[in-house]
Amino acid sequence: MELSVMRKSFIILMGVAFSLLCACHEPEYVAPTAMRQGITSLTAYFAEGPYAEKEWGRLEIDDPDQSEFVIPLSYYYPADSEEKAGKYQIAVRVKASIGDNCKINPPLGILDLTEENVFDFTGPDGTTRKITITGKLVKSSVCRILSFRTADGTVGVVDEPGLKVWLPTDNDLSNVTAQAVISSHTSISPDPASAANYNSGTEFTITSEDGETKVTYTVVRGYPPTLDYGYSTASMEQMFNIEPRAIGLPDIAEPVNVSMAVLDGMLVVNFATGDAPCYYHQVTGASVGSLPLGDAVPTGSIASDEGGNMLLCDLAQPTETFSIWKTSSLSAAPALFHSFVNDQDVPVGGAMKVIGNLDTEAVITVVYDGIPGVTSSGRFRAIHVVGGAIVDDQIINLLGSGLSWGGGAANGTCVAAASPTMNDGWYTCYYSDNRLYWVKKDLSIGSSLNGMGPNNEQMYLNGNVDANNLDSKRFNNASYMVLFASTHFPSWWPGPQLYVYDISSFTLPGTNVWDSTALTFSIDNNNMYNLQHEKGATTEYTASGDVILAPSPDGYKLYLYCYDHYAQMLVGFSVDCLKR
182 MELSVMRKSF
192 IILMGVAFSL
202 LCACHEPEYV
212 APTAMRQGIT
222 SLTAYFAEGP
232 YAEKEWGRLE
242 IDDPDQSEFV
252 IPLSYYYPAD
262 SEEKAGKYQI
272 AVRVKASIGD
282 NCKINPPLGI
292 LDLTEENVFD
302 FTGPDGTTRK
312 ITITGKLVKS
322 SVCRILSFRT
332 ADGTVGVVDE
342 PGLKVWLPTD
352 NDLSNVTAQA
362 VISSHTSISP
372 DPASAANYNS
382 GTEFTITSED
392 GETKVTYTVV
402 RGYPPTLDYG
412 YSTASMEQMF
422 NIEPRAIGLP
432 DIAEPVNVSM
442 AVLDGMLVVN
452 FATGDAPCYY
462 HQVTGASVGS
472 LPLGDAVPTG
482 SIASDEGGNM
492 LLCDLAQPTE
502 TFSIWKTSSL
512 SAAPALFHSF
522 VNDQDVPVGG
532 AMKVIGNLDT
542 EAVITVVYDG
552 IPGVTSSGRF
562 RAIHVVGGAI
572 VDDQIINLLG
582 SGLSWGGGAA
592 NGTCVAAASP
602 TMNDGWYTCY
612 YSDNRLYWVK
622 KDLSIGSSLN
632 GMGPNNEQMY
642 LNGNVDANNL
652 DSKRFNNASY
662 MVLFASTHFP
672 SWWPGPQLYV
682 YDISSFTLPG
692 TNVWDSTALT
702 FSIDNNNMYN
712 LQHEKGATTE
722 YTASGDVILA
732 PSPDGYKLYL
742 YCYDHYAQML
752 VGFSVDCLKR
């Protein structure tokens, strides 16, 4: 993938700045990182092995006079794996956060945390005392029910704060078995595989990995009370954050174009290689299987609707036939749903989105990419589906609106429809412009949000991110649109950014992407991603990513997933509409 002139300039300027800073830097034991005197925290990182430079444990310190420090280290790493991490304890990189004018001697570095490591700590008044740093393997106290399903197919709604699982059905559940997904390395009692009476309620106790914490849930047939509109922001939680290559997904050096869908309670991931997409448990991220393809060739994108359907498409160059396949089951090969000859001068299929239910009414959008170094594009395909049949298929050109984008995963875009009809317009955002647009049906700009803020803003879209991943879905009488800016140079601020907007009125009120009154959730957190590169590195990989919204079939939960290939980050969030 080629670098744009702007990106090249960005690297050169930042590289010069970094060189100047290095030339002026004087060595010191530990840079002052805290206003409070003394040591405020110690953080342990793997120094070697497959998790090198990953955070392993952290000790927060309240007592400024404390002299003996034991850093807690996860017994298993990753936490949901079966790998015992103790073998790495003999070589751990330790970093400290300390007060101004304090020093640790000798300097912290790679330590054997099976032993007590002795240092001299000098306080701001010049006095010195001995401190010791060691580590201790600890097992987790987390114990939760993550998902619950009865043998008749009823999917439970987990109310975590209420420690309750609702089974929303009118079926008789007086003598049925069930399956529960619980926190890693925990146990559940009684065994849900034994028949139980859920009509009147059954209690299950989850015991933590460390054996010391127990939590009891009540599982009962019934319909949970819900909000009248939208989701509860307080219920938003991160379910998992996985480094893709750690679970066998493509490494950063592999040139892939990421897209995702949700089907049958699984997160499906496609890489546009033509190989079968793989799928993962939508709550835990655990690998489950791969999709049977039949005649489908997913060299383009995949997407899912609100009604339990998934689409796959190929990437068609000019004069080639473009095809979309559809399936409603992970065990059934997709069937051809729609095809046409690409009569445009640019490729089609790199990005596809769906809003609505393909069995009732929905809109599919498929983008025509530009060709790097040749031409840009402002076109996309809008396909209107009613009752499972296509009733309208048209090319929409936004060049007259002043909008155009480049090609490829980084410089292209996706277009998300505002509703399941062709009447309410479209949303788009892309790198060369970095504004989030709502375009009306008549192709005039209805509203837009600025993405380029001053350097001291907490969140903004700049030349270091690719703000071209969008999706839109309806949930609990509201409509939402999500924008995910994936990283292009993961070592430079601001890192990946996620913005969720209420688009029920279609317009984007306000001035900026980060403070619009339609914004319901956002995150800009460098700790959210898993892979950082050396600052100043100019190696260019495929900076691809995707984001999707996925309402649960029962309408109680909304799932959100974002994938950043360059930063090696696959993150899942969930939110619900329960009234508490």
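Counting the sequence shown from 1 gives a position; my numbering is that position plus 181. Beta carbons: idealized from backbone N, C-alpha and C, even for Gly. If you're wondering where the values come from, they're calculated on a predicted model, not measured in any experiment.
Worksheet item: How would you label Tyr381, buried or exposed, when you count the other beta carbons within 10 angstroms and need 16 or more for buried?
Response: The sequence given here places Ser at residue 381; Tyr does not occur at that position. Of the other Cβ atoms in all chains shown, fewer than 16 fall within 10 Å of the Cβ of Ser381; this residue is therefore exposed.
Practice prompt. Determine the contact status of Ala359 and Arg402, defining contact as a CB-CB distance below 9 angstroms.
Written response: Contact flag unset, no.
Practice prompt. Taking only the alpha-carbon atoms, compute the straight-line gap between Gly304 and Ile242 and give it to the nearest angstrom.
Written response: Cα-Cα distance, rounded: 15 angstroms.
Worksheet item: Taking buried to mean at least 16 other C-beta atoms within 10 Å of its own C-beta, is Asp705 buried or exposed?
Response: So Asp705 ends up on the buried side.
Worksheet entry | Own chain, CB closer than 7 angstroms to Ser510, minus 5 neighbours either side, in chain order | Same-chain partners within the cutoff: Asp445.
Fill in: Pro213 - DSSP class collapsed to helix/strand/coil
Because Pro213 sits at a pLDDT of 39, beneath the cut-off of 50, its placement in the model cannot be relied upon, and the following sentence gives the value as read from the coordinates. In the structure shown, Pro213 sits in coil (DSSP, three-state: anything other than H, G, I, E or B).
Worksheet item: Can you give the Cα-Cα distance for Tyr742 and Glu297, rounded to whole angstroms?
Response: Straight across, the Cα-Cα distance linking Tyr742 with Glu297 is about 42 angstroms.
Practice prompt. Could you give the DSSP three-state label for Tyr641: helix, strand or coil?
Written response: Taken through DSSP and simplified to helix, strand or coil, Tyr641 comes out as coil.
Practice prompt. Answer yes or no: do Phe665 and Gly736 have a C-beta to C-beta separation smaller than 9 angstroms?
Written response: The beta carbons of Phe665 and Gly736 sit no closer together than 9 angstroms.
Worksheet entry | Cβ neighbours of Ser703 in the same chain (closer than 8 angstroms, five flanking residues each side left out) | These residues qualify, in order along the chain: Met640, Gln678, Leu679, Tyr680, Val681 and Trp695.
Worksheet entry | DSSP state of Gly531 mapped onto helix, strand, coil | Per DSSP, reduced to three states, the secondary structure at Gly531 is strand.
Practice prompt. Identify the continuous beta strand (DSSP E) that holds Lys238 and give its terminal residues.
Written response: According to the sequence displayed, residue 238 carries Gly and not Lys. It spans Glu236 to Glu241 - the beta strand (DSSP E) in which Gly238 sits, taken as one unbroken run.
Worksheet entry | beta strand (DSSP E) segment containing Asn631, residue limits | Where Asn631 is concerned, the enclosing beta strand (DSSP E) stretches over Ile626 to Asn631.
Practice prompt. Return helix, strand or coil for Ile192, following the three-state DSSP convention.
Written response: Since pLDDT at Ile192 reaches only 32, below the 50 mark, its modelled position is unreliable, and the value read off the structure follows with that caveat. The answer is helix: DSSP assigns Ile192 an H, G or I state.
Worksheet entry | Three-state secondary structure assigned by DSSP to Asn578 | The answer is strand: DSSP assigns Asn578 an E or B state.
Worksheet item: Where Pro499 and Tyr618 are concerned, what is the direct C-alpha to C-alpha distance, given to the nearest angstrom?
Response: Their backbone Cα atoms lie some 28 angstroms apart in a straight line.
Practice prompt. Quick one: measure Cβ to Cβ for Ala648 and Tyr612, integer angstroms, because I've assumed they're closer than 8 angstroms.
Written response: Separation of the CB atoms of Ala648 and Tyr612 is rounded to 7 angstroms, and the pair is thereby assigned contact status at 8 angstroms.
Practice prompt. Taking all protein chains shown into account, decide if Tyr412 is buried (16 or more other Cβ within 10 angstroms of its Cβ) or exposed.
Written response: With 16 or more other CB atoms across the displayed protein chains lying within 10 angstroms of its CB, Tyr412 is buried.
Worksheet entry | Rounded C-alpha distance that separates Val663 from Asp293 | Going from the Cα of Val663 to the Cα of Asp293 covers about 45 angstroms.
Worksheet entry | Rounded C-alpha distance that separates Tyr747 from Tyr549 | Rounded to whole angstroms, Tyr747 and Tyr549 show a C-alpha spacing of 23 angstroms.
Worksheet item: What separation, rounded to the nearest whole angstrom, lies between the Cα atoms of Val752 and Ser625?
Response: Take the alpha-carbon of Val752 and the one of Ser625: they are about 35 angstroms apart.
Discussion item. Rounded to the nearest angstrom, what separates Val506 and Tyr744 at their Cα positions?
Written reply: The displayed chain sequence assigns Trp, not Val, to residue 506. Approximately 23 angstroms between the Cα atoms of the pair.
Worksheet item: In whole angstroms, what is the alpha-carbon distance linking Ile428 and Ser468?
Response: Cα to Cα, Ile428 sits roughly 8 angstroms from Ser468.
Fill in: Gly589: first and last residue of the uninterrupted alpha helix (DSSP H) it sits in
For Gly589, the enclosing alpha helix (DSSP H) begins and ends at Gly589 to Asn592.
Discussion item. Would Thr546 and Ala598 qualify as a contact pair, given that the criterion is a beta-carbon distance under 9 angstroms?
Written reply: Thr546 places its beta carbon less than 9 angstroms from that of Ala598.
Practice prompt. Would you kindly work out how many angstroms separate the C-alpha atoms of Tyr180 and Gln419, rounded to a whole number?
Written response: Coverage of the chain is limited to positions 182 through 761, which leaves residue 180 absent and any answer about it impossible.
Item to complete: Could you say which of Ile363, Asp281 and Thr295 lies nearest to Asp306 if we only look at CA atoms?
Response: Of Ile363, Asp281 and Thr295, the residue nearest in Cα terms is Asp281.
Worksheet item: Where does Asp660 land, buried or exposed, given buried means 16+ other C-beta within 10 angstroms?
Response: Position check: residue 660 holds Ser in this sequence, whereas Asp was assumed. By the neighbour-count rule (16 or more Cβ atoms within 10 Å), Ser660 is buried.
Practice prompt. Give the straight-line distance between the Cα atoms of Met750 and Gln463, rounded to the nearest whole angstrom.
Written response: C-alpha separation (whole angstroms): 15 angstroms.
Fill in: Where Gln749 falls: helix, strand or coil (DSSP)
Residue state, collapsed to three classes: coil.
Worksheet entry | Inter-residue CB distance, Asp333 and Asn352 (contact presumed, cutoff 8 angstroms) | Contact between Asp333 and Asn352 holds: CB atoms are separated by about 6 angstroms, below the 8 angstroms threshold.
Practice prompt. Using three-state DSSP, classify Ala332 as helix, strand or coil.
Written response: Collapsing the DSSP output to three states places Ala332 in coil.
Worksheet item: For Ser262, which of Lys320, Ser686, Leu517 and Tyr740 has the nearest alpha-carbon?
Response: Ranking the options by Cα distance to Ser262, first place goes to Lys320.
Worksheet entry | Range covered by the beta strand (DSSP E) that runs through His519 | Following the DSSP letters along the chain, one finds His519 inside the beta strand (DSSP E) bounded by residues Ala516 to Val522.
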